[in-house]
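One line per chain: the protein sequences are A and B, in this order.
Using this note's numbering, the first residue of the first sequence is number -12, and each one after it goes up by one.
Using this note's numbering, the first residue of the second sequence is number -15, and each one after it goes up by one.
All C-beta atoms in this analysis are idealised placements derived from N, C-alpha and C, irrespective of residue type, glycine included.
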Amino acid sequence: NAGVTQTPKFQVLKTGQSMTLQCAQDMNHEYMSWYRQDPGMGLRLIHYSVGAGITDQGEVPNGYNVSRSTTEDFPLRLLSAAPSQTSVYFCASSYSIFGDTEAFFGQGTRLTVV
Amino acid sequence: AQRVTQPEKLLSVFKGAPVELKCNYSYSGSPELFWYVQYSRQRLQLLLRHISRESIKGFTADLNKGETSFHLKKPFAQEEDSAMYYCALGWGNQFYFGTGTSLTVIP
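Laid out in structure tokens, this is it:
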């Protein structure tokens, strides 16, 4: 079972460049989200989606765009990368929003912006 | 606003000793609380959730609404418990994580 797959695993960008972090899940989960993990700050929610065509902002949305055209995919776009966006990014999916559910995480994308 | 506090960034215990990872939360409603674990070079995974009142790998956590705490406990630590532990508040696709506690179990 693939679960949640993120690509690429590593990426180096120059300031001002754009890129898309890919996230795909094969569990038919409606709910997907993006987090960034920074030392001493834990994981912070960037954007989330409750289904195809529906997205919303989390704690730290500035500098990032998302879209959800299919149930399976939830890409995260950096329009103009900044050094402050150097981080490890995690995508997650779940089948419910209720407390008895479980979020499944991807393996992460380590992004460095120079 | 939701907030989760894990006061210990690093915690070291000897094998066989009890371990407690602290988590306090601030939330105005009825919280859904979880513990997630990240082993070295592995992805983040669910350890346990308060609603299930379960014990996973010998770990338990009790929600104390009076103290707004959800501490993670294990009576006898094992070397394989060494990992990063995150307390989280939230629901299906929106989690608010603490800053994490890195647990090292010394042989």
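7 Å Cβ cutoff, residue i in contact with chain A
i       : result
B/Arg25 : no
B/Gly13 : no
B/Gly28 : The sequence given here places Leu at residue 28 of chain B; Gly does not occur at that position. Closer than 7 Å: yes.
B/Thr83 : yes
B/Gln62 : no
Proximal chain A residues relative to residue i, where beta-carbon distance stays under 9 Å
i       : result
B/Phe54 : Ordered by position in chain A, no residue passes the 9 Å Cβ test against B/Phe54, which lies about 12 Å from the chain.
Burial state of residue i, where buried means 16 or more other Cβ atoms lie within 10 Å
i          : result
B/Arg33    : buried
B/Phe18    : buried
B/Phe60    : exposed
B/Asp46    : exposed
A/Leu66    : exposed
A/Ala(-11) : exposed
A/Ser80    : buried
A/Arg23    : buried
A/Val(-1)  : exposed
B/Ser12    : exposed
B/Lys58    : buried
A/Val101   : exposed
Contacts that residue i makes with chain A (C-beta to C-beta distance below 8 Å)
i       : result
B/Tyr70 : Gly29, Leu30
Contacts around residue i, its chain only, beta-carbon distance under 7 Å, and the 5 residues preceding and following it disregarded
i       : result
A/Asn15 : Thr58
B/Tyr69 : Leu5, Trp19, Val21, Leu56, Gly84, Thr85, Leu87
A/Gly50 : Leu65, Ala69, Gln72
B/Pro92 : Residue 92 of chain B cannot be examined here, being either before or after the span of chain B that is shown, -15 to 91.
Within-7 Å CB hit, residue i to chain B
i         : result
A/Glu59   : no
A/Tyr76   : no
A/Phe(-3) : no
A/Tyr51   : no
A/Gln9    : no
A/Gln94   : yes
Closer than 8 Å at the beta carbon, the chain B residues around residue i
i       : result
A/Gly38 : Residues of chain B passing the Cβ test: none, with the nearest at roughly 10 Å.
A/Gly45 : Gln78
Contacts around residue i, its chain only, beta-carbon distance under 6 Å, and the 5 residues preceding and following it disregarded
i         : result
B/Pro(-9) : Lys6
A/Asp25   : Ser74
A/Val47   : Arg31, Ile33
A/Gly95   : Val75, Phe77
B/Phe79   : Ala72
A/Ala90   : Ala79, Ser81
Contact list for residue i against chain B, beta-carbon separation under 7 Å
i       : result
A/Ala68 : What A/Ala68 touches in chain B: nothing, since even the nearest Cβ is about 24 Å away.
Close-in-space but distant-in-sequence residues of the same chain around residue i (CB under 8 Å, 5 per side omitted)
i         : result
B/Lys(-7) : Thr83, Gly84, Thr85, Ser86
Inset, instruction - Flag this pair as touching only if the segment 47 to 55 of chain B and the segment 7 to 14 of chain A have three or more C-beta atom pairs under 8 Å; answer yes or no. - result: no
Inset, instruction - Report yes or no: do three or more beta-carbon pairs, one from the segment 56 to 70 of chain A and one from the segment 34 to 42 of chain A, lie closer than 8 Å? - result: Taking a cut-off of 8 Å on C-beta distances, the segment 56 to 70 of chain A touches the segment 34 to 42 of chain A, as three or more cross pairs fall below it.
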